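Heads up, the thing below is written out as structure tokens.
2 protein chains.
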Amino acid sequence: MPIPERVRVHAPATLSNLGPGFDVLGLALNEPGDYVEAEWSDSPGVEIMEVRGDDGQLNCDPTRNVVGIAATAMLAAHDADETTSRPPGVRLWLEKQMPLASGLGSSAASSVGGALAVNELLGGALDRDQLIVSALEGEQAVSGGIHADNVVPCVTGGIVLIRSYSPMELLSLPVPDALRVAVVHPHTSVVTAEARRIVAERRFRITEAVANLGQLGALVTALHRGDLELFGRAISDALVEPLRAPLVPGFVETKQAALDAGALGCSLSGSGPSVFAFAATDDHAADLAGRMADRFSEVAGLDSDTYSGKVNARGARKVEEDE
Amino acid sequence: MPIPERVRVHAPATLSNLGPGFDVLGLALNEPGDYVEAEWSDSPGVEIMEVRGDDGQLNCDPTRNVVGIAATAMLAAHDADETTSRPPGVRLWLEKQMPLASGLGSSAASSVGGALAVNELLGGALDRDQLIVSALEGEQAVSGGIHADNVVPCVTGGIVLIRSYSPMELLSLPVPDALRVAVVHPHTSVVTAEARRIVAERRFRITEAVANLGQLGALVTALHRGDLELFGRAISDALVEPLRAPLVPGFVETKQAALDAGALGCSLSGSGPSVFAFAATDDHAADLAGRMADRFSEVAGLDSDTYSGKVNARGARKVEEDE
Chain A
1 MPIPERVRVH
11 APATLSNLGP
21 GFDVLGLALN
31 EPGDYVEAEW
41 SDSPGVEIME
51 VRGDDGQLNC
61 DPTRNVVGIA
71 ATAMLAAHDA
81 DETTSRPPGV
91 RLWLEKQMPL
101 ASGLGSSAAS
111 SVGGALAVNE
121 LLGGALDRDQ
131 LIVSALEGEQ
141 AVSGGIHADN
151 VVPCVTGGIV
161 LIRSYSPMEL
171 LSLPVPDALR
181 VAVVHPHTSV
191 VTAEARRIVA
201 ERRFRITEAV
211 ANLGQLGALV
221 TALHRGDLEL
231 FGRAISDALV
241 EPLRAPLVPG
251 FVETKQAALD
261 AGALGCSLSG
271 SGPSVFAFAA
281 TDDHAADLAG
291 RMADRFSEVA
301 GLDSDTYSGK
311 VNARGARKVE
321 EDE
Chain B
1001 MPIPERVRVH
1011 APATLSNLGP
1021 GFDVLGLALN
1031 EPGDYVEAEW
1041 SDSPGVEIME
1051 VRGDDGQLNC
1061 DPTRNVVGIA
1071 ATAMLAAHDA
1081 DETTSRPPGV
1091 RLWLEKQMPL
1101 ASGLGSSAAS
1111 SVGGALAVNE
1121 LLGGALDRDQ
1131 LIVSALEGEQ
1141 AVSGGIHADN
1151 VVPCVTGGIV
1161 LIRSYSPMEL
1171 LSLPVPDALR
1181 VAVVHPHTSV
1191 VTAEARRIVA
1201 ERRFRITEAV
1211 ANLGQLGALV
1221 TALHRGDLEL
1231 FGRAISDALV
1241 EPLRAPLVPG
1251 FVETKQAALD
1261 AGALGCSLSG
1271 SGPSVFAFAA
1281 TDDHAADLAG
1291 RMADRFSEVA
1301 GLDSDTYSGK
1311 VNARGARKVE
1321 EDE
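Chains as they are written, first to last, in the numbering used here: chain A, 1 to 323; chain B, 1001 to 1323.
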């Protein structure tokens, strides 16, 4: 297989902590997403040539930017497994097209983008599992813990359940044809580390765990049955949402507005501040996104970005030259 | 519809707290099970005429035996809903064919038997939801809390997930054709109230809940896919089994023996001491039941009853006169 000189990949945003599925359930969006370009270099190691779209917030040191960490991990995995040679180094360009610290898996998208770009340069020498492992190295470096519910759907597309972290086992769940997602990203910041700390320090009653177990089982059943009403009823989180809701001004009112407008469930994505809701048509999803943005504005004075549409079925991918 | 003078019903044993599904996932067995006979009486209210097979442990006061409590609740529901008349009272005979406090849903079976017997006397006037509600009144009286993962599969058969307790919503899950269950009931006692207390008093880390969420989602997916290997991997409980295992002498070794012999998962049923394992053939299930009984004997000096076979697809039922 000829090794390309230069590649461009797209890695999508993702919803994580989907409803009752804290750390185990994620979903890939069609937009927004990051682009990563990579080319072979005669200088050893990974260089980050440029980062755009980050308002200057990200580091170009490849040991301190997830795109570089994941790319480096991918090269190391290749060198460990393969006897074939490769050029000494890789240059990367990262184009952020999604907000940082938004709850939409920004760091996961950049991690997956870095890992996938290297794999495309290698002619696809490494498999999907290695892509996930390398991307998780990036994700872990910024989040301080392993949670794969952004990285995995970013790689695979669709809706993904993580059965177990050790050993890691992923299950792609069926996505009903009619399912549409609405997302609103209000312009406020949640410190991910703080959002994770309040969950990690909390001790839960068995009844709280039981509530999520019932809902998670129902959510999975709903996807297999293609029952969107049941799916919506199962978007319910007794464990984490109550702890994190206070971190996002206007969340409670925005969620209520979505439910009042017929949303099939509504909750925080990741550690927030982004909020998702589901619908069964494009128009309803777009309407919900708009209503949620309006409510964040009315209640908390926040501007928002909105997205709506189908679940991303492909996951991260190489961008063809004629696109 | 003619009202019968006398009926006989069978209510099966059930596995509850199935693997990761504490309080939300139950399964109906074909054996053992309780028989309840009922007939109309001119004396008002519910009388328990006889209880057999309980070694004298159960009360014949209808307000203190679940069969009477559930039957009384069913009559009250009928009187509230219907304008039709009925004879003033009901006499009940309870024939226990399963061990008490075994973790196999003995009280649920008697509760369901009492409620179903009354409904059959009423010509099936009340629906399945009312049957469940009435049986739960009995179950709740002895367990001190609402948990429906014995009562519901006892009524419906199959494998049942309880999405939510308030409002109660039940989901029947697909049962793969090849699935076989092996059960061993070692002759030791676990005090249900104590087993529930140690779980209710414990506070859990989010990571413990996350572990069960991933496994429960995988278990439900496995049933929909008919993937018995995945089903077996998902029989894993980080929340409750570690707390209750010490209450059952020999459990750890017995579980290991089952897994070593190729069981598709193994765990405690209910609050124990019964232990279940899964297999894909009748012979393997029977072999597993025997091995588990042997191990309980070797390690803890306990005699055991064993059962193996298919999942009960019908649930509680009227016994026809020619059976």
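Don't be surprised by glycine CBs; every beta carbon is placed ideally from N, CA and C. None of these values were measured; they are calculated from a predicted model.
- Your pair Cys154 of chain A and Ala77 of chain A does not check out as a contact, with CB atoms roughly 18 angstroms apart and the cut at 8 angstroms.
- Taking a 10 Å sphere around the C-beta of Val1009 of chain B, we find 16 or more other C-beta atoms and assign the residue as buried.
- If the five residues before and after Asp1149 of chain B are omitted, its C-beta is found closer than 8 angstroms to the C-beta atoms of Thr1014, Ser1016, Asn1017, Leu1018, Gly1021, Asp1023, Val1024, Leu1025, Gly1026, Val1160 and Ile1162, all from its own chain and listed in chain order.
- Using a Cβ distance threshold of 9 angstroms, Asp1034 of chain B and Ala1115 of chain B do not count as a contacting pair.
- For Thr14 of chain A, the uninterrupted beta strand (DSSP E) run begins and ends at Arg6 to Leu15, by DSSP.
- Shown here, Asp1054 of chain B sits in coil according to DSSP, grouped into three states, outside any helix or strand.
- Along the length of the region 1253 to 1305 of chain B, whole beta strand (DSSP E) runs at least 3 residues long occupy 1266 to 1268 and 1275 to 1279, reported in chain order.
- By the Cβ test, the region 1210 to 1217 of chain B is in contact with the region 1226 to 1241 of chain B, since at least three Cβ pairs between them sit closer than 8 angstroms.
- Look at Val1240 of chain B here: in three-state DSSP terms it is coil, with no helix or strand label.
- Leu161, Ile162, Arg163 and Ser164: these are the residues of the region 147 to 165 of chain A whose beta carbon lies less than 7 angstroms from some beta carbon of chain B, given in chain order.
- For Val151 of chain A, the CB contacts under 7 angstroms within the same chain, skipping 5 residues up- and downstream, are Ala108, Ser111, Val112, Ile132, Ala135, Leu136 and Glu139 in chain order.
- Nearest to Ala1285 of chain B by alpha-carbon distance, out of B:Gly1270, B:Pro1273 and B:Gly1309, is B:Gly1309.
- In the displayed model, Ser1172 of chain B falls within a strand according to three-state DSSP.
- Proximity to Arg1180 of chain B across B:Glu1194, B:Phe1278, B:Ile1206 and B:Pro1167 peaks at B:Phe1278, based on C-alpha coordinates.
- Inter-residue distance for Ala125 of chain A and Leu75 of chain A is about 11 angstroms (C-alpha atoms, whole angstroms).
- The Cβ-Cβ distance between Pro186 of chain A and Ser304 of chain A falls below 9 angstroms.
- Pairing Val199 of chain A with Phe1251 of chain B, the inter-Cα distance amounts to about 33 angstroms.
- DSSP places His1185 of chain B inside the beta strand (DSSP E), whose first and last residues are Arg1180 to Pro1186.
- A:Thr72 is the residue among A:Ala80, A:Thr72, A:Gly103 and A:Asp81 whose C-alpha sits nearest the C-alpha of Arg91 of chain A.
- Taking CB atoms only, Ile1235 of chain B has no neighbour in chain A less than 9 angstroms away.
- Here Gly1145 of chain B has Arg1196 as same chain residues with Cβ atoms under 7 angstroms from its own Cβ, once five neighbours each way along the sequence are excluded.
- For Leu161 of chain A, the uninterrupted beta strand (DSSP E) run begins and ends at Ile159 to Tyr165, by DSSP.
- The beta carbons of Lys1096 of chain B and Asp1054 of chain B sit closer together than 9 angstroms.
- Taken atom to atom, the span from the alpha-carbon of Arg1291 of chain B to that of Ala1258 of chain B is near 7 angstroms.
- The contact set of Gly1270 of chain B on chain A, defined by CB atoms closer than 9 angstroms, is empty, because the minimum CB distance reaches about 15 angstroms.
- In the displayed model, Asn30 of chain A falls within a strand according to three-state DSSP.
- In the DSSP assignment, Leu75 of chain A falls outside any beta strand (DSSP E) and within the unbroken alpha helix (DSSP H) covering Val66 to Asp81.
- Around Arg314 of chain A, the same chain offers Gly157 as residues with beta carbons nearer than 7 angstroms, after the five sequence neighbours per side are excluded.
- Listed in chain order, the non-local C-beta contacts of Val1191 of chain B below 8 angstroms within the same chain comprise Ala1101, local neighbours out to five positions each way being set aside.
- Per DSSP, reduced to three states, the secondary structure at Ala1218 of chain B is helical.
- For a Cβ distance threshold of 8 angstroms, nothing in chain A lies close to Asn1017 of chain B: the least Cβ distance comes to about 10 angstroms.
- Pro88 of chain A counts as exposed, since fewer than 16 other beta carbons sit within 10 angstroms of its beta carbon.
- Just so you know, the alpha carbons of Ala11 of chain A and Pro32 of chain A end up roughly 9 angstroms apart.
- Per DSSP, Val90 of chain A lies in no alpha helix (DSSP H); the unbroken beta strand (DSSP E) holding it starts and ends at Gly89 to Glu95.
- One finds Val210 in chain A with Cβ atoms closer than 7 angstroms to the Cβ of Asp1023 of chain B, taken in chain order.
- Residue burial is scored here from C-beta neighbours: Asn1312 of chain B has at least 16 other C-beta atoms within 10 angstroms and is therefore classed as buried.
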